[in-house]
DNA sequence: TTGCTGCCTAGATAGATGTCAAATTAGAGG
DNA sequence: CCTCTAATTTGACATCTATCTAGGCAGCAA
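The following block contains the structure:
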């Protein structure tokens, strides 16, 4: 279940900030690649919005018309990108999001002249 | 040079918010797919951080060991994702970022009960 | 007109990726 | 031990994508 995190030093300053180095760009691109699939986005959403803060794989498989191995594959990609963590408890495996990861991404898209620099934007909902 | 924006209604509420619909997920995934390449990330960074707010293709080609058509391809992908806009002025073509797009993405990664930087979020949910 | 330059398009190709079926591992309980 | 269920791994396959070369189009200047 343990899986090394390939993306450790990734990012921090916004895209509109100083020049992005080659290595940094490769790492960041890896994270976005993990997010570039509709199924993975919905999985992440389901995990992040679970009332208990975690979701069992058994609950994640149902909503999709995909086989178990495919869901497992997508979870592995998210795990490898450092976006979620998995934990086995008895027969079932539960996944949680890694909040620091999401927070960092948020700062990436901050533009100059925008309030909240260097941190997450406020919690205002646009919907 | 005009290119329809395939991703118009994309996103708004955070990933930790209400259930992500299938269509919404597909659109969002498209944007992240555009961001999932190191070259495109660096291109976006170069455009977003240009002092004048725009960058000429002629300036974007040099820093990479890639041919012109390849850079052109990547710019097209970013354009199709609605992240940048291109404009021809005389011989040269200039690209600018679409700020609304980046701002929206920022909100996506907001977590409930988050006030500031990087720390562990509390468990409170807003909504 | 002709030529030159900047940028894009078209077509081809090697490599990456999403999906499934089959096999494997881990735990719970006979 | 054996069996059942949950989840992952393996291997194969079709599709997608990043890159290149060759060619086309637009603008500028003789």
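Chains as they are written, first to last, in this note's numbering: chain A, 3 to 129; chain B, 3 to 129.
Note that the Cβ used here is the ideal one computed from N, Cα and C, for glycine as well.
Just so we're clear, the structure is a prediction, and the values are computed from it rather than from any experiment.
Assuming contact is defined by CB atoms lying nearer than 8 Å, are residue i and residue j in contact in what I supplied?
i                      : j                      : result
residue 113 of chain A : residue 105 of chain B : yes
residue 52 of chain A  : residue 17 of chain B  : no
residue 45 of chain B  : residue 76 of chain B  : yes
residue 47 of chain B  : residue 22 of chain A  : yes
residue 64 of chain B  : residue 98 of chain B  : no
Can you name, in chain order, every residue of its own chain whose Cβ lies under 6 Å from the Cβ of residue i, other than the five neighbours on each side?
i                      : result
residue 103 of chain B : 84, 85
Given this structure, state the Cα-to-Cα distance separating residue i from residue j, to the nearest angstrom.
i                      : j                      : result
residue 30 of chain B  : residue 41 of chain A  : 11 Å
residue 61 of chain B  : residue 68 of chain A  : 45 Å
residue 38 of chain B  : residue 36 of chain A  : 8 Å
residue 59 of chain B  : residue 73 of chain B  : 8 Å
residue 27 of chain B  : residue 34 of chain A  : 14 Å
residue 15 of chain B  : residue 66 of chain A  : 22 Å
residue 78 of chain A  : residue 111 of chain A : 26 Å
residue 24 of chain A  : residue 71 of chain B  : 20 Å
residue 82 of chain B  : residue 32 of chain B  : 9 Å
residue 19 of chain A  : residue 43 of chain B  : 12 Å
residue 109 of chain B : residue 109 of chain A : 9 Å
Report all residues from its chain with a CB closer than 8 Å to the CB of residue i; omit the five preceding and five following residues, and keep chain order.
i                      : result
residue 100 of chain B : 84, 85, 86, 87
residue 95 of chain B  : 3, 58, 59, 88, 89
Can you tell me whether DSSP reads residue i as helix, strand or coil?
i                      : result
residue 89 of chain B  : strand
residue 45 of chain B  : helix
residue 100 of chain B : coil
residue 57 of chain A  : strand
residue 129 of chain A : The pLDDT assigned to residue 129 of chain A is 30, lower than 50, so where the model puts this residue is not dependable; a value taken from the coordinates is nonetheless given after this. Note: residue 129 of chain A maps to coil in three-state DSSP.
Report whether the distance from the Cβ of residue i to the nearest heavy atom of the ligand GDP is below 7 Å.
i                     : result
residue 66 of chain B : In the structure shown, the ligand GDP is absent, as is every other ligand, since no ligand is present at all.
Return the chain-ordered list of same chain residues with a C-beta closer than 7 Å to the C-beta of residue i, the five sequence neighbours on each side being excluded.
i                     : result
residue 91 of chain B : none
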